[in-house]
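Read the structure below first, then the notes.
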Amino acid sequence: MSPTMIYRFPCDAAYLPRTKLSYVNLPGILSDGKRDRQARVPGFVAVQLGERCFLIFLRDGEPFYAARITPQGRGPAALSEVLRLASTESERGEGGQIGYFGAPEAQLRAMLATLVHDALPLTAELDPGRPERLFPVLRERGFSGVMELNDGGKHHFLTFEAGAFRTGWFCDRDESVPLPEFLRSLFVAGAVLQAAVYPALDELPVQAGPGFVDLYRRMIGGTLRELALATGRETALEMMQRGQGLAALEHPVVASFDITPEGRVAGDPVASPDGLTEGVARWITEVLIAAADHHGVDPGAVVEKVARDSRFVLSEHGFFARLPWALAL
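Right, dumping it as structure tokens:
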């Protein structure tokens, strides 16, 4: 029998029932979703590491977002970070668990709404210990959004529009049990039941994947190397750090990158592909303008050399269009 996960979520199908993480190759699961036509379905992978749960959301077999739930809080997580943590835990042979589940996109939107938004102030007025008032409060307030019920680690998601219940997804619900009866059984849980409400998501968010993040790590590292040749390593590092600070004022995502004194670029930014492109383009622009003004560096020549091998992908995502120089690429 598979060990019980602390965090459990509704699903339409269990493609990989919960099992030990050390038995499973997570990158293999994600790549199978890309190759196998039958696997191109919406769903999520749940990875539990101790009291931490990481969720990787998939659409058309492609991972598009990751998030975390821990005793300290919840929020977005970098896909690259989740893959690295899962790999480390698996190599140690410790008690991590994993499951791969199918779920409709509407459910994924509801789940993500509870992970990318803070709970609304209305949550403070909800008392699961008084179930007779729970739905009336939402109706009186004309609430539109998602309510999450947490029943001792089992998560349930209900959507509302103008105070009226629309639909929901419930963990471990027997479809033969009428919904009102199932909800009454939840409220019997008493003190362990928690309720929170969140704004709805109109669209599924999309996060830059590990390969896309690595592309920009190479752009940042390549820019640093070219500047080090022209100005010296210490000066180049100072310019990169100063440009990063300036760019981060409008694009906080670039602060997630870290450049070591040896010039290695690390960090796991969480941003959309457009947001990451915009931030890195601004960072490199700030750096190369300073390098041109103070050291006579040709910005266009630096970009052309660093970006040449990845020029088609960068062009497709509008990176060059965000730079102020005409480039021969």
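The opening position of the sequence shown corresponds to residue 1 in the numbering used here, with each subsequent residue numbered one higher. Where is the CB? At the ideal position from N, CA and C, for every residue including glycine.
* Complete runs of the beta strand (DSSP E) confined to the region 38-67 [at least 3 residues] -> Listed in chain order, the beta strand (DSSP E) runs fully inside the region 38-67 are 43-49 and 52-59, counting runs of at least 3 residues.
* **DSSP state of Glu148 mapped onto helix, strand, coil** => In the three-state reduction of the DSSP assignment, Glu148 falls in the strand class, which pools E and B.
* For Ala307, which three-state DSSP category applies? -> Note: Ala307 maps to helix in three-state DSSP.
* Is it the case that the Cβ atoms of Gln97 and Gln48 are separated by a distance below 9 Å? -> With a cutoff of 9 Å on beta-carbon distance, Gln97 and Gln48 are scored as near each other.
* Taking only the alpha-carbon atoms, compute the straight-line gap between Phe157 and Trp325 and give it to the nearest angstrom. => Near 49 Å, if we compare the C-alpha coordinates of Trp325 and Phe157.
* Is DSSP giving Ala321 helix, strand or coil here? -> Here Ala321 carries a helix assignment [DSSP, helix/strand/coil].
* Ser176, buried or exposed, once every other Cβ within 10 Å from all chains shown has been counted against 16 -> Note on Ser176: under 16 other CB atoms within 10 angstroms of its CB, so exposed under the neighbour-count rule.
* Asked: What is the rounded straight-line gap between the Cα of Arg233 and the Cα of Ile259?
  -> So the two alpha carbons sit approximately 12 Å from each other.
* Indicate whether Val265 and Arg308 have their beta-carbon atoms separated by less than 9 Å. => It is not a contact, given that the beta carbons lie outside the stated cut-off.
* To do: Please classify Val188: is it buried, with 16 or more other beta-carbons within 10 angstroms of its beta-carbon, or exposed?
  => With fewer than 16 Cβ atoms within 10 Å of its Cβ, Val188 is classed as exposed.
* To do: Look at the alpha carbon of Phe57 and the alpha carbon of His295, and state the distance between them as a whole number of angstroms.
  => Cα to Cα, Phe57 sits roughly 46 Å from His295.
* **Given 8 Å, three or more beta-carbon pairs between the region 281-288 and the region 239-259** => Yes, the region 281-288 touches the region 239-259.
* From this set, Leu193, Ala255 and Met111, which residue's C-alpha is nearest Gly267's C-alpha? -> It is Ala255 whose Cα lies nearest to the Cα of Gly267.
* Ends of the beta strand (DSSP E) at Pro17? -> Counting along the chain, the beta strand (DSSP E) containing Pro17 begins and ends at Ala13 to Lys20.
* Asked: Quick one: Cα of Pro42 to Cα of Glu250, how far?
  -> Cα to Cα, the separation comes out at about 34 Å.
* To do: Report the three-state DSSP secondary structure of Val197 (helix, strand or coil).
  => DSSP places Val197 in strand when its eight states are reduced to three.
* To do: Please classify Thr260: does DSSP put it in a helix, a strand, or coil?
  => DSSP places Thr260 in coil when its eight states are reduced to three.
* **Length of the line joining the Cα atoms of Pro205 and Leu30** => Each residue's CA atom was taken as its position, placing Pro205 and Leu30 some 18 Å apart.
* Give the straight-line distance between the Cα atoms of Gly73 and Cys53, rounded to the nearest whole angstrom. => Approximately 11 Å, taken between the alpha carbons.
* Same chain, Cβ closer than 7 Å to Arg141, neighbours up to 5 away in sequence not counted -> Hits under 7 Å: Leu122 and Gly163.
* **Residues near Arg166 in its chain [Cβ-Cβ closer than 7 Å; skip 5 each side]** => Excluding sequence neighbours, Arg166 sits near Thr159 and Phe160.
* Residue from Leu112, Val24, Glu51 and Tyr23 whose Cα sits closest to the Cα of Phe382 -> Residue 382 is absent from the structure shown; the chain starts at 1 and stops at 329.
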